[in-house]
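Residue numbers (the numbering used here): 952 to 1584.
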């Protein structure tokens, strides 16, 4: 540390910007590990606290992986599609088993169950998963405060925003102001949506086993009446849409979109080619499961011809693990860097390898393929967006790569720009869709059997224009399966909670927080949606915070706001540069060269300012959520 510290404090004028950034990062790694704390009891306590935080995080994720089973009789599940019910296990009494910690099971009930008591039961169960994490989070927040204090910071939030790579937002005060600004802007939208949903419930003559007031939509009602809203206003049948999204065709189509926009060639390595590629001669040795797919990524000839440079050519590999299976984290999708990108000592590049893990539902039917849901498209685009940011970044060091070196409140932006927006481009939806009944005569017969008619007319081969139009309109209103204002307010509430528990400036203040009550109170305050406390339940009726991975994770604790902060950049870039002609390769190439290629090797705010021709603003985001650009600054 003394050597690094002396270099860090020396004259840096002869270093280029990327070298200065990596020097700052290297010094920070030493300093934040406690080496700038005097040796002795104080450093020992600091080290012990960090070790305990690591241990607690293992408990945190372990508790979240524990199933939380709830059981319902068939008559309690009216409205839940038969295709979903057929996949569920049953207990010895014949009741269906669902897991309240699994987002797919939660949505199966929340979106579809006509019985309000069923929806309420699932909601309460889902908001009370991982009960052991109540105590884990309490201890974690106290220890993190002590770690930050030992390093000279007022709070954990102040510390993590300052450590390298420093957050783009700057300070906790700036984060709080940002969240309040977005929350205030979206509040009228959320209120209007709540009134609209309540009207749907008030007019619903099919309510079974009601709870609470007839004309009030509670938190366990929101998704159900949002679904009715979508079906009523836009005639969107989720099952019918899913039939156009067979995984093999749709995922290949998404890869093709990335090829066209970013100037890439993406080739799957399989069969004899995979065997030949493997050092052992067995391709299966390169994959951790037979479902995993290996892709090699190259710069396209068109891109190279327009931008000749010795760096262009081979880019790296992507491994994709698409389907849920026992032993995988339920419902989660993520990307991991299996081998980083950097220049080796001999000047040659270490090409990156990225692993993407999804949890799409896999079909066990020999004729009917695995189908994606429309909301799965966001995940598919998103994780690939992360990998493309890493593959197209040309950097000297691992920690200046666009994926591995960007601050938390910047790293999500390239993937959000693709995932949130390109699923609403008509040409994209047309190109990635094919109805599975068109695959073979057997598939056609199987689809007709599902319709209970051997003479049923087969649907169009690709998504029809009217369905695409309805999807786009409904997705603009329901960006994450619920109305946009309520979605935004819910996110602001969760991110504000993160700041509240990690930006306290005294240990007594940290200990004084009733974390479960605060979480549910903030959700209600921002969303305006009544909850169990409005039907007589005590204030501590739930602890939804215990199921949220980010509150316990070192790189997201006090930085959970980053998802929303990054989306401001994502929508600014999309609406400024891409919206008018989203599949134009010249626009995509320019974005790749000026935004993705530098990675984290420069000042990121200045990089975006140069690219946009002005400082980033919120206009695009307001347009995205339906407020229009006029509210932006």
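The beta carbon of each residue, even a glycine, is placed where N, CA and C say it ideally should be.
Residue closest to residue i, alpha-carbon to alpha-carbon, out of the options
i, options, result
"residue 1382", "1414, 1068 and 1062", "1414"
"residue 1422", "1103, 1380, 1560 and 1345", "1380"
"residue 1158", "1136, 1039 and 1069", "1069"
"residue 1392", "1318, 1364, 1429 and 1215", "1318"
"residue 1223", "1214, 1234 and 1230", "1234"
"residue 1139", "1187, 1477 and 1186", "1477"
"residue 1571", "1144, 1160, 1528 and 1452", "1528"
"residue 1006", "1084, 1225, 1241 and 1401", "1084"
"residue 1289", "1126, 1136, 1189 and 1307", "1307"
"residue 1072", "964, 952, 1162 and 1512", "1162"
"residue 1105", "1539, 1453, 1491 and 1574", "1453"
"residue 1256", "1540, 965 and 964", "1540"
"residue 1338", "1401, 1436 and 1209", "1209"
"residue 1242", "1253, 1080, 1227 and 1279", "1279"
"residue 1178", "952, 1395, 1488 and 1426", "1426"
"residue 1469", "1489, 1456 and 1458", "1489"
"residue 1412", "1403, 1395 and 1404", "1395"
Check whether residue i and residue j have beta carbons under 8 Å apart
i, j, result
"residue 1517", "residue 1293", "no"
"residue 1212", "residue 1536", "yes"
"residue 1098", "residue 1063", "no"
"residue 1220", "residue 1247", "yes"
"residue 1465", "residue 1475", "no"
"residue 1551", "residue 1116", "yes"
"residue 1333", "residue 1366", "yes"
"residue 1108", "residue 1501", "no"
"residue 1305", "residue 1327", "no"
"residue 1431", "residue 1515", "no"
"residue 1330", "residue 1341", "no"
"residue 1039", "residue 1343", "no"
"residue 1215", "residue 1251", "yes"
"residue 1192", "residue 1325", "yes"
"residue 1388", "residue 1398", "yes"
"residue 1434", "residue 1144", "yes"
"residue 1358", "residue 1504", "no"
"residue 1567", "residue 1520", "yes"
"residue 1480", "residue 1147", "no"
"residue 1194", "residue 1386", "yes"
"residue 1258", "residue 1028", "no"
"residue 1467", "residue 1485", "no"
"residue 1446", "residue 1507", "no"
"residue 1181", "residue 1429", "yes"
"residue 1323", "residue 1201", "yes"
"residue 1164", "residue 1034", "no"
"residue 986", "residue 952", "yes"
"residue 1101", "residue 997", "yes"
First through last residue of the beta strand (DSSP E) which encompasses residue i
i, result
"residue 1625", "Look at the range of the chain in this structure, 952 to 1584, and you will see that residue 1625 is not part of it."
"residue 1219", "1215–1220"
"residue 1596", "Nothing about residue 1596 can be reported from this structure: the residues present for the chain run from 952 to 1584 only."
"residue 1023", "1020–1023"
"residue 1187", "Note, residue 1187: premise wrong, no beta strand (DSSP E); not H, not E."
"residue 1083", "Unbroken run through residue 1083: none, as it is neither H nor E."
"residue 1267", "1265–1274"
"residue 1289", "1285–1290"
Start-to-end residues for the alpha helix (DSSP H) that takes in residue i
i, result
"residue 1148", "1123–1153"
"residue 959", "953–960"
"residue 1253", "1252–1257"
"residue 1575", "1570–1575"
"residue 1050", "Element bounds for residue 1050: not the alpha helix (DSSP H) but the beta strand (DSSP E), 1047–1050."
"residue 1435", "1435–1453"
"residue 1585", "Given that the chain is displayed from residue 952 to residue 1584, the structure contains no residue 1585 and the question cannot be resolved."
"residue 1494", "Here residue 1494 belongs to no alpha helix (DSSP H), and DSSP marks it neither H nor E."
"residue 1562", "1555–1563"
"residue 1461", "1458–1463"
Integer-rounded CB distance, given that residue j should sit under 8 Å from residue i
i, j, result
"residue 1320", "residue 1197", "4 Å"
"residue 1095", "residue 1004", "7 Å"
"residue 1350", "residue 976", "5 Å"
"residue 1059", "residue 1440", "That pair is no contact at about 25 Å."
"residue 1129", "residue 1120", "7 Å"
"residue 1175", "residue 1061", "6 Å"
Exercise. Quick check: the stretch 1037–1055 against the stretch 1006–1025, are there 3 or more CB pairs under 8 Å?
Worked result: Contact holds: three or more Cβ-Cβ distances are below 8 Å.
Exercise. Between the stretch 1084–1098 and the stretch 1022–1035, do three or more beta carbon pairs fall short of 8 Å?
Worked result: For the pair of segments examined, the stretch 1084–1098 was found not to touch the stretch 1022–1035: the number of CB pairs separated by less than 8 Å stays below three.
For this session: Would you check if there are 3 or more beta carbon pairs closer than 8 Å linking the stretch 1141–1156 to the stretch 1362–1379?
Result: No contact exists between the stretch 1141–1156 and the stretch 1362–1379.
Exercise. Should the stretch 975–982 be regarded as contacting the stretch 1111–1127, the criterion being three or more beta carbon pairs within less than 8 Å?
Worked result: Cβ pair count under 8 Å is three or more, so yes.
Exercise. How do the stretch 1256–1268 and the stretch 1295–1304 stand: do at least 3 beta-carbon pairs fall below 8 Å, yes or no?
Worked result: By the Cβ test, the stretch 1256–1268 is in contact with the stretch 1295–1304, since at least three Cβ pairs between them sit closer than 8 Å.
Exercise. So, do the stretch 1490–1504 and the stretch 1554–1565 have three or more beta carbon pairs nearer to each other than 8 Å?
Worked result: Verdict: no, contact absent.
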